[in-house]
Amino acid sequence: MIIALSCYNPQIAEVEQSPSYKYNFSSLYNPSETSIHPQVKVFVKSDTEATVFFKLSTEEIKANLQSQMDTSFKLVVKYALRDVATFEIVDSGVNIFNINPRVDARFIGSSFNINLIKGSQNKLIVGFTGPKAYSGSRMIFDIDNSSDFSNDRFILEKKELNGYELVFDNFVKSGRNYRISSNTFDKYSFNVSLYGFDDYIVIPPYYIADPEEVLPEPDSLFTYTVGDSISFDSIGYYVFRASSNSEGVFCLLNAGNTFPEIEILSDMYEPLKLVATNRELNSIKE
Numbered sequence: 021m022i023i024a025l026s027c028y029n030p031q032i033a034e035v036e037q038s039p040s041y042k043y044n045f046s047s048l049y050n051p052s053e054t055s056i057h058p059q060v061k062v063f064v065k066s067d068t069e070a071t072v073f074f075k076l077s078t079e080e081i082k083a084n085l086q087s088q089m090d091t092s093f094k095l096v097v098k099y100a101l102r103d104v105a106t107f108e109i110v111d112s113g114v115n116i117f118n119i120n121p122r123v124d125a126r127f128i129g130s131s132f133n134i135n136l137i138k139g140s141q142n143k144l145i146v147g148f149t150g151p152k153a154y155s156g157s158r159m160i161f162d163i164d165n166s167s168d169f170s171n172d173r174f175i176l177e178k179k180e181l182n183g184y185e186l187v188f189d190n191f192v193k194s195g196r197n198y199r200i201s202s203n204t205f206d207k208y209s210f211n212v213s214l215y216g217f218d219d220y221i222v223i224p225p226y227y228i229a230d231p232e233e234v235l236p237e238p239d240s241l242f243t244y245t246v247g248d249s250i251s252f253d254s255i256g257y258y259v260f261r262a263s264s265n266s267e268g269v270f271c272l273l274n275a276g277n278t279f280p281e282i283e284i285l286s287d288m289y290e291p292l293k294l295v296a297t298n299r300e301l302n303s304i305k306e
């Protein structure tokens, strides 16, 4: 049997077959490997339903077309919603979007609905797959449906020329008008605390810190009614609370109009204190 196998000459196919589809699985988890970077916002509309908004850069969509003559971009969105306590699947589904890449806009977005269980906390796993091997991305989100005062019950919108536009992160800028909307609360008044930035204090090695926790005092306090227009012109953290003594429901950050992008070196002074010596930091400032 060994001799027979050693003398066997395999036949080579005369007709070349097309190679199998090679999918780059690392693009699902490594943002630097993927060619699409969707932004996602989950909005809990009721005790049993939520809407998942997403948007993609128009330039990324055009770069991922199989041909520049294509008139549609096929995006497959798969999701699975799991209960945090039991890890059981609460809801799952597949949505196929045919997106027109010829629209005159920086971003193209859409949405889909998911089912929730009242009083639960969930993990939402969303996978985006485009037409190319490296156009995939997988994202995981926490959805808190255990309380009416959860972060997912509110959405932030910024005012544009044609109306209000959904904001997908918690970053706000000075000189802009915003509003906070909710399906659960109408004209509810929040207590808002503004905490300004403090310089980072470098602690020497082997320094024994005081174990006592010191809670910072807010620089200013004011109230905000859901649905009203508001501007965040001061730099710092804006913490929204249901009452003056309760925990924060959600937080907005104003760290400058270019944040999180860094356009000038002075924006890096505070982070550089963590990795540079005082001499190096002073030389950079000079």
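Sequential numbering from 21 applies to the sequence shown in the working numbering. Just so you know, even glycine gets a beta-carbon here, dropped at the ideal spot from N, CA and C.
C-beta contact flag for residue i and residue j at 8 Å
| i | j | result |
| --- | --- | --- |
| Asp162 | Lys143 | yes |
| Gly268 | Leu214 | no |
| Phe217 | Arg261 | no |
| Ile119 | Phe93 | yes |
| Thr68 | Asn115 | no |
| Ser157 | Pro58 | yes |
| Ser170 | Val64 | yes |
| Thr91 | Ser131 | no |
| Thr243 | Lys207 | no |
Per-residue burial, residue i [other beta carbons within 10 Å of its own, 16 or more giving buried]
| i | result |
| --- | --- |
| Ile56 | buried |
| Ile284 | exposed |
| Lys61 | buried |
| Phe74 | buried |
| Leu294 | exposed |
| Asn84 | buried |
| Thr54 | buried |
| Leu241 | exposed |
| Leu181 | exposed |
| Ser155 | buried |
Span separating the alpha-carbon of residue i from that of residue j
| i | j | result |
| --- | --- | --- |
| Lys305 | Met288 | 10 Å |
| Val259 | Met89 | 48 Å |
| Pro151 | Ser140 | 35 Å |
| Glu290 | Leu301 | 10 Å |
| Lys234 | Thr297 | For the record, residue 234 in the displayed sequence is Val; it is not Lys. Each residue's alpha carbon lies about 27 Å from the other. |
| Ser66 | Asp168 | 9 Å |
| Val187 | Arg299 | 40 Å |
| Gly247 | Ser112 | 32 Å |
| Gln86 | Val212 | 49 Å |
| Lys179 | Ile200 | 11 Å |
| Pro121 | Thr106 | 41 Å |
| Ile22 | Val110 | Only weak support is given to the placement of Ile22: the predicted model assigns it a pLDDT of 43, under 50, and the value that follows is read from those uncertain coordinates. Cα-Cα distance, rounded: 55 Å. |
| Val97 | Ile145 | 10 Å |
Residue-chain proximity (residue i, chain C), Cβ-Cβ < 8 Å
| i | result |
| --- | --- |
| Arg122 | Of the protein chains in the structure, only one exists, and it is not chain C. |
Subject >> the stretch 107-125 in contact with the stretch 69-85 per 3-pair CB rule at 8 Å >> reply: These segments touch.
**OP:** Return the chain-ordered ranges of every beta strand (DSSP E) run that is complete within the stretch 162-232 and spans a minimum of 3 residues.
**Re:** Counting only runs of 3 or more, we get 175-180, 183-186, 197-201 and 209-215.
Original post:
With contact counted as at least three CB pairs below 8 Å, one residue from each stretch, are the stretch 164-177 and the stretch 92-102 in contact?
Top reply: In short, these stretches do not touch, since the Cβ pair count stays below three.
Original post:
Quick check: the stretch 246-253 against the stretch 193-200, are there 3 or more CB pairs under 8 Å?
Top reply: Under the three-pair Cβ rule at 8 Å, the stretch 246-253 counts as touching the stretch 193-200.
Original post:
Do the stretch 263-281 and the stretch 177-193 touch if we need at least three Cβ pairs shorter than 8 Å?
Top reply: They touch, by the three-pair rule.
Original post:
Which full runs of the alpha helix (DSSP H) of 4+ residues lie inside the stretch 47-112, going along the chain?
Top reply: The qualifying runs are 78-83.
Subject >> Unbroken stretches of the beta strand (DSSP E), 3 residues or longer, contained in the stretch 252-295 >> reply: DSSP runs (the beta strand (DSSP E)) wholly in the stretch 252-295: 256-261 and 268-274.
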